[in-house]
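Trainee: First the structure, then my questions, so here it is.
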Amino acid sequence: MPRRTSWLSAENIAFVIFLIFMIVYPFRTDDFGILNAAYFAALTLLALSLSMIWGKAGILSFGQTAFFGIGGYLYGIYTLNVLGSAQTWVGLAVGMLAGGIVAAILGWFMFYGGVNDVFVGLTTLALTLVLQTFMAQTAGPEWTVGEARLNGYNGMYIPQLSFGEMPLYGRPLYFVYLAILIGVYLLLRWLSSTRWGYGLLALQENRPRTESFGYNVRLMQVQVFALAGVVAALSGVLYASWGGYIDPSSMGLTAAITPVIYVAIGGRRSLTASMISSMILLKLSQLLASSAPEYALVIFGLLALLAVLFVPEGFVVALFNLIDRHLLNRGGGNLPGMTAPVEEVTANG
Amino acid sequence: MFDGLFNWFYQFQVSFSFLLLSAIGLAVIFGMMGVINLAHGEFMMLGAYATTFLAVKGVPLALAILIGALAVGVFGAVIEMLVIRRLYGRLLDSVAATWAIGLILSQGMLILTGPSIQGVSSPFGSFSVGAISYSWYRIVLGVVSLLLIAGLYILFMKTEFGLRARATIQNQPIARSLGVDTARMYTLTFALGSALAGLAGGLFAPTATIVPFFGTNYTVEAFVTVIVGGANALVGTPLAAASLGVINAALGTKYGLYIARVGLLLTTIVIIRVLPTGISGLVERWRMRPARQR
Amino acid sequence: MADAQPLLMLDNVSKRFGGLRAVSDMNLTVGQGELRCLIGPNGAGKSTIFKLIMGFERPTSGTIAFGGDRIDGWPTWKRARQGLSIKMQIPGVYPELSVQDNMRVAAQNHVASHEMAESIRGLLARVGLDGLAGEQVKNLSHGQQQWLEIGMALSAKPKLLLLDEPTAGMGPGETEATARIVESLNADGMAILVIEHDMAFIRRIARTVTVMNLGKLFAEGTITEIEANQDVTDIYLGRS
Chain W
586 MPRRTSWLSA ENIAFVIFLI FMIVYPFRTD DFGILNAAYF AALTLLALSL
636 SMIWGKAGIL SFGQTAFFGI GGYLYGIYTL NVLGSAQTWV GLAVGMLAGG
686 IVAAILGWFM FYGGVNDVFV GLTTLALTLV LQTFMAQTAG PEWTVGEARL
736 NGYNGMYIPQ LSFGEMPLYG RPLYFVYLAI LIGVYLLLRW LSSTRWGYGL
786 LALQENRPRT ESFGYNVRLM QVQVFALAGV VAALSGVLYA SWGGYIDPSS
836 MGLTAAITPV IYVAIGGRRS LTASMISSMI LLKLSQLLAS SAPEYALVIF
886 GLLALLAVLF VPEGFVVALF NLIDRHLLNR GGGNLPGMTA PVEEVTANG
Chain C
17 MFDGLFNWFY QFQVSFSFLL LSAIGLAVIF GMMGVINLAH GEFMMLGAYA
67 TTFLAVKGVP LALAILIGAL AVGVFGAVIE MLVIRRLYGR LLDSVAATWA
117 IGLILSQGML ILTGPSIQGV SSPFGSFSVG AISYSWYRIV LGVVSLLLIA
167 GLYILFMKTE FGLRARATIQ NQPIARSLGV DTARMYTLTF ALGSALAGLA
217 GGLFAPTATI VPFFGTNYTV EAFVTVIVGG ANALVGTPLA AASLGVINAA
267 LGTKYGLYIA RVGLLLTTIV IIRVLPTGIS GLVERWRMRP ARQR
Chain F
11 MADAQPLLML DNVSKRFGGL RAVSDMNLTV GQGELRCLIG PNGAGKSTIF
61 KLIMGFERPT SGTIAFGGDR IDGWPTWKRA RQGLSIKMQI PGVYPELSVQ
111 DNMRVAAQNH VASHEMAESI RGLLARVGLD GLAGEQVKNL SHGQQQWLEI
161 GMALSAKPKL LLLDEPTAGM GPGETEATAR IVESLNADGM AILVIEHDMA
211 FIRRIARTVT VMNLGKLFAE GTITEIEANQ DVTDIYLGRS
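Those protein sequence lines, which keep their order, are chains W, C and F. Following the numbering used here, the numbering of the first sequence begins with 586 at its first residue and continues without gaps. Following the numbering used here, the numbering of the second sequence begins with 17 at its first residue and continues without gaps. Following the numbering used here, the numbering of the third sequence begins with 11 at its first residue and continues without gaps.
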């Protein structure tokens, strides 16, 4: 009695609705709304990065913000020293590459050294705090890299991504950011459905066993960690370019744990749930911050607490499951294997 | 010569007591329950607020600190019964939940009391060695940390509670089958760790400004000490506080606070890699050696 | 020794854990297509031998050769790709995944994707789990999980299959079904090394038997020889 598999699942429907909404939205709002949504898209990449390693490979990092910061700062340092609008895109690549390289080195250091589970969380947390603390003391004029002044907590000035002479602004900016977000999302979903992605699902449950099926487990851990580092760095570049500014608080304790909360509330096993939950929660925290600034974080903390206690698979994933079961007559959608299409199974029956 | 030596010793014992007091509550909870309490800093903040509130009202400082610690201990017991208890075996979820609790506490305190409250000044005055003036209170903190370790040692090694607690960590099902109420042990342990956090907050209260985000000044150092110390709060935490205290004092006097903190964090990353079970694990291995050769 | 080179050869292998010698100077060979049982009292070092062969542990001294290569320095995944496969003592299945996904995970490194569906269907039929492909593994019975794991071990198309207590926790009917699976695999030419306690099962399947005691090779021979050996009976009864 094989499982019926088709593309018609709550997760995919939710993605399509999300995509349509995101395309229509900028034509229904003002300039501020557009810019704001672009900012959310940039930060949501960080949630995707975490969902990929935590949800798909069982590696919980509290330090994706380290790669986020490395991306942002390196992008700034490069673009301030190598001028020209085309160079901003090279800067984007430089930032991503730097995030990926640092993540690969740290991943090699951890996974080949047998560091796993909660100790990965603590190591990555320590890394992001090292970077934050280091950058915090760079306020003095002696802390410059070529033309770029790091400037400690006063923040570093960052040039914007530009086409020709025009810095990205308004709708073009928004659609570039949205295209990057959706592109990364689709790439990660595709990767999760490959042989490699299935290997990650397996090693998340049992590393030695998975190695005995012929998977080079530690290499795969380093690969996915580096990949997530690239995505987090990309998020940092887009964030820094968006605001024209970055400071060490982007790598601090609060910043580091926020994406963990977004992904936990949405449902770490599903990239779609993580993405949607991150967008909604960013919007929610902003709404709360403007209407009731003192109460915003209290409500937010309560929401996270309720999710962890009563809906551990995540609110969004729980919703997907309900729809799958009752409206689409499918099995539970939060099963790891269900998040990726299994074409072979349909042939069976 | 003596002046320099004393200065160095003073800096070291300040770092040591700072790290030890910040970490000990977190270490008890992590070591005995395997739970990482991300609200640790906020528990310290509660202790600092309670102590300051009472001291400003005229309660003697020492008594105010003790009452503050007790209050945070009771609060911890409530949190354990409402939240932590449901999350055993779900380490990462308990991390997220305690983070949320911490957020609620610090923001709630901001709503209730505003951005800061009036503090108390540190007692006992100061003394001079050579040209430099030192605080007596910081010396007292060093002595208190040593007494605290001795007290915890007696509590865990010489009392009925300690025996039951150790039995529970070693093997929960067996402890339960021997009639230990393990759920109650966990509640008490979490309460003890919370009370220690509150105590540390109260002790630090006279040395800091009392703000809702008081705890964040100590959180990072507390975590670093617990990671380096490993699961044994009685052995690992003091040793970790001592060795990190040396690093902190040396880098701090030479390069300043920021670089000292970077040094602590980098040390921690290396320690996780070479000694994943921390100093406790190393001590354990060393203690097992003669047994093996027999 | 047979004229052909043995498939697996452990030469003077020792493994110490701290001061404890789990395996000392152990020699063991498994020929091409051989079905051999490894028996011995609890703590004899049988499971450690499997871990050493599979690479979960590294020997303190001695060499392990497989298919002509010296493999004792290789990582586990490389040994698996070379044709070693294991069914572990504690079921090594993925409870959170479906039967289908379990099989897919096990097969991916050994089966081309266009043959995957066919291969999985064939193997599930062989271990008696056809019809359960969509079931989540944590809902299977203990016996079904054991068979699934054998199926997973088989999807690696192994040259040598290691079975650690394949009938543990099974009733007589399930044990008989397992014996039939093992025999039919061996009849197809697959070399199999089995750790078992159930003497009836061993009598049913075994051609040759190796007995271990206290980390050492204790006796070797046909099942008849071993059962007639008074010393072997003694160590099982703790009289050695």
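Built from N, CA and C at the ideal position, the CB exists for glycine as well.
Keeping to the same chain, check which residues put their C-beta closer than 8 Å to that of residue 666 of chain W; ignore five residues upstream and five downstream.
Mentor: Along the first sequence, one-based indexing puts residue 666 of chain W at 81. If we look at residue 666 of chain W and ignore the five residues flanking it on each side, its Cβ neighbours are 730, 731, 732, 733.
Trainee: Here's a check: name, in chain order, each residue in its chain whose Cβ is nearer than 6 Å to the Cβ of residue 126 of chain C, leaving out the five neighbours to either side.
Mentor: Mapped onto the second sequence, residue 126 of chain C falls at position 110. For residue 126 of chain C, where only same-chain residues beyond five positions count, the Cβ hits under 6 Å are 228.
Trainee: Residue range of the alpha helix (DSSP H) that residue 870 of chain W falls in?
Mentor: On the first sequence, residue 870 of chain W is found 285 positions in, with the first residue counted as 1. Counting along the chain, the alpha helix (DSSP H) containing residue 870 of chain W begins and ends at 856-876.
Trainee: Where in the segment 68-152 of chain C do unbroken runs of the alpha helix (DSSP H), each at least 4 residues long, occur, reported from the N-terminal end onward?
Mentor: Counting only runs of 4 or more, we get 77-98, 107-129.
Trainee: If you count every other CB in all the chains shown that lies within 10 Å of the CB of residue 270 of chain C, and 16 or more means buried, which is it?
Mentor: For this step, residue 270 of chain C is matched to residue 254 along the second sequence. With fewer than 16 other Cβ atoms within 10 Å, it is exposed.
Trainee: I want to verify the contact list: residues of chain W whose CB lies under 9 Å from the CB of residue 235 of chain C, in sequence order.
Mentor: Counted from its first residue, the second sequence places residue 235 of chain C at position 219. Near residue 235 of chain C (Cβ distances below 9 Å), the residues of chain W are 838.
Trainee: Identify which residue in W:765, W:800, W:789, W:767 has its Cα closest to the Cα of residue 780 of chain W.
Mentor: If you number the first sequence from 1, residue 780 of chain W lands on position 195. The shortest C-alpha separation from residue 780 of chain W is found at W:800.
Trainee: Over the uninterrupted alpha helix (DSSP H) stretch that includes residue 212 of chain F, give me the two end residues.
Mentor: Locating residue 212 of chain F in the third sequence gives position 202, counting from the first residue. Unbroken alpha helix (DSSP H) run through residue 212 of chain F: 209-215.
Trainee: Please tell me whether residue 777 of chain W has its Cβ less than 8 Å away from any Cβ of chain F.
Mentor: Residue numbering aside, residue 777 of chain W sits at position 192 when the first sequence is read from its first letter. With 8 Å as the cut-off, residue 777 of chain W does not count as an interface residue toward chain F.
Trainee: Looking at residue 184 of chain C and residue 196 of chain C, is the spacing between their C-beta atoms short of 8 Å?
Mentor: Mapped onto the second sequence, residue 196 of chain C falls at position 180. Mapped onto the second sequence, residue 184 of chain C falls at position 168. Cβ distance < 8 Å, so residue 196 of chain C and residue 184 of chain C count as in contact.
Trainee: What do you get for residue 932 of chain W, buried or exposed, if any count of 16 or more other CB atoms within 10 angstroms of its CB means buried?
Mentor: Locating residue 932 of chain W in the first sequence gives position 347, counting from the first residue. Note that residue 932 of chain W scores 33 on pLDDT, short of 50, meaning its location in the model is unreliable; the coordinates nonetheless yield the value given after this. Label assigned to residue 932 of chain W: exposed.
Trainee: So who's on the other strand from residue 40 of chain F, going by DSSP bridges?
Mentor: By one-based count along the third sequence, residue 40 of chain F stands at place 30. DSSP, once it has assigned bridges, lists F:18 as partnering residue 40 of chain F.
Trainee: If you drop the 5 nearest sequence neighbours on each side, which residues of the same chain put their C-beta closer than 6 Å to that of residue 713 of chain W?
Mentor: The sequence position of residue 713 of chain W within the first sequence is 128, counting from 1. Within the same chain, residue 713 of chain W has close Cβ partners 648, 650, 651, 836, 841.
Trainee: Chain W partners of residue 251 of chain C, CB-CB under 7 Å?
Mentor: As a working mapping, residue 251 of chain C is identified with position 235 in the second sequence. Residues of chain W passing the Cβ test: none, with the nearest at roughly 19 Å.
Trainee: Kindly indicate the opening and closing residues of the alpha helix (DSSP H) around residue 671 of chain W.
Mentor: On the first sequence, residue 671 of chain W is found 86 positions in, with the first residue counted as 1. Residues 670-696.
Trainee: Would you call the CB atoms of residue 880 of chain W and residue 869 of chain W closer than 8 Å?
Mentor: Working through the first sequence from its first residue, we reach residue 880 of chain W at position 295. Working through the first sequence from its first residue, we reach residue 869 of chain W at position 284. Contact: no.
Trainee: Under 8 Å, with one C-beta from each stretch per pair, do the segment 851-867 of chain W and the segment 691-701 of chain W reach the 3-pair mark?
Mentor: Output reads no: the segment 691-701 of chain W does not touch the segment 851-867 of chain W.
Trainee: Return yes when the Cβ of residue 221 of chain C is within less than 8 Å of the Cβ of residue 294 of chain C, no when it is not.
Mentor: Translated into positions along the second sequence, residue 294 of chain C becomes position 278. Translated into positions along the second sequence, residue 221 of chain C becomes position 205. For residue 294 of chain C and residue 221 of chain C, no; Cβs fall outside 8 Å.
Trainee: Quick one: residues in its chain with C-beta nearer than 8 Å to the C-beta of residue 255 of chain C, no 5 flanking neighbours on either side, listed in chain order?
Mentor: Walking along the second sequence from the start, residue 255 of chain C turns up at place 239. 245, 295, 299, listed in sequence order.
Trainee: Does the distance from the C-beta atom of residue 60 of chain F to that of residue 174 of chain F stay below 8 Å?
Mentor: Taking the third sequence and counting its residues from 1, one reaches residue 60 of chain F at position 50. Taking the third sequence and counting its residues from 1, one reaches residue 174 of chain F at position 164. Their beta carbons are under 8 Å apart, which means residue 60 of chain F touches residue 174 of chain F by this criterion.
Trainee: Quick check on residue 175 of chain F: does DSSP put it in helix, strand or coil?
Mentor: Within the third sequence, residue 175 of chain F is the residue found at index 165, counting from 1. In this structure, residue 175 of chain F counts as coil in the three-state DSSP scheme.
Trainee: Using only alpha-carbon positions, find the residue among F:58, F:212, F:245 that is nearest to residue 234 of chain F.
Mentor: Along the third sequence, one-based indexing puts residue 234 of chain F at 224. Nearest C-alpha to residue 234 of chain F: F:212.
Trainee: On the three-pair Cβ rule with 8 Å, is the segment 108-115 of chain C touching the segment 236-253 of chain C?
Mentor: Short answer: they don't touch.
Trainee: Under 7 Å, CB to CB, which of the residues in the segment 113-144 of chain F have a partner in chain A?
Mentor: The chain labelled as chain A is not found among the protein chains of the depicted structure, namely W, C and F.
Trainee: DSSP three-state label for residue 52 of chain F, please.
Mentor: Position 42 of the third sequence, counted from the first residue, corresponds to residue 52 of chain F. Residue 52 of chain F: coil per DSSP, three-state reduction.
Trainee: Nearest-angstrom Cα distance between residue 245 of chain F and residue 209 of chain F?
Mentor: Position 235 of the third sequence holds residue 245 of chain F. Position 199 of the third sequence holds residue 209 of chain F. Cα to Cα, the separation comes out at about 15 Å.
Trainee: In chain F, which residues lie with their C-beta within 7 Å of the C-beta of residue 780 of chain W?
Mentor: For the purposes of this step, residue 780 of chain W is identified with residue 195 of the first sequence, where counting begins at 1. Correct list: 118.
Trainee: Tell me which residues share the same chain as residue 788 of chain W and place their Cβ nearer than 6 Å to its Cβ, disregarding the 5 neighbours each side in the sequence.
Mentor: Counting from 1 along the first sequence, the entry for residue 788 of chain W is found at position 203. So the list reads 795, 802, once near-sequence residues are dropped.
Trainee: May I ask you to list the residues that DSSP assigns as paired with residue 957 of chain W?
Mentor: Only positions 586 to 934 of chain W appear in the structure, and residue 957 of chain W is not among them; the question remains open.
Trainee: Take residue 57 of chain F and list the residues in its own chain whose beta-carbon comes closer than 8 Å to its own, dropping the five residues that flank it on each side.
Mentor: The count along the third sequence starts at 1 and reaches residue 57 of chain F at position 47. Only 99, 174, 205 meet the Cβ criterion.
Trainee: List, from N- to C-terminal side, the alpha helix (DSSP H) runs of 4 residues or more that fit wholly inside the segment 764-821 of chain W.
Mentor: Listed in chain order, they are 780-790, 792-796.
Trainee: I need the DSSP call for residue 930 of chain W, collapsed to helix, strand or coil.
Mentor: On the first sequence, residue 930 of chain W is found 345 positions in, with the first residue counted as 1. With a pLDDT of 35 at residue 930 of chain W, under the threshold of 50, the modelled position of that residue is not reliable, and the figure given next carries that caveat. In the structure shown, residue 930 of chain W sits in a helix (DSSP, three-state: H, G or I).
Trainee: Leaving out five residues before and five after residue 43 of chain F in sequence, what residues of the same chain have Cβ atoms less than 6 Å from its Cβ?
Mentor: By one-based count along the third sequence, residue 43 of chain F stands at place 33. Closer than 6 Å at Cβ, skipping near neighbours: 199, 201.
Trainee: Which residues, in order along the segment 55-77 of chain F, keep a beta-carbon less than 9 Å from a beta-carbon of chain W?
Mentor: The segment 55-77 of chain F vs chain W, Cβ under 9 Å: 64, 65, 66.
Trainee: Select from the segment 890-906 of chain W all residues with a C-beta closer than 7 Å to any C-beta belonging to chain C, and list them in chain order.
Mentor: Flagged, chain order: 890, 893, 894, 897.
Trainee: Tell me the DSSP secondary structure of residue 81 of chain F in three-state form.
Mentor: Counting from one through the third sequence, the residue named residue 81 of chain F turns up at place 71. Correct three-state label for residue 81 of chain F: coil.
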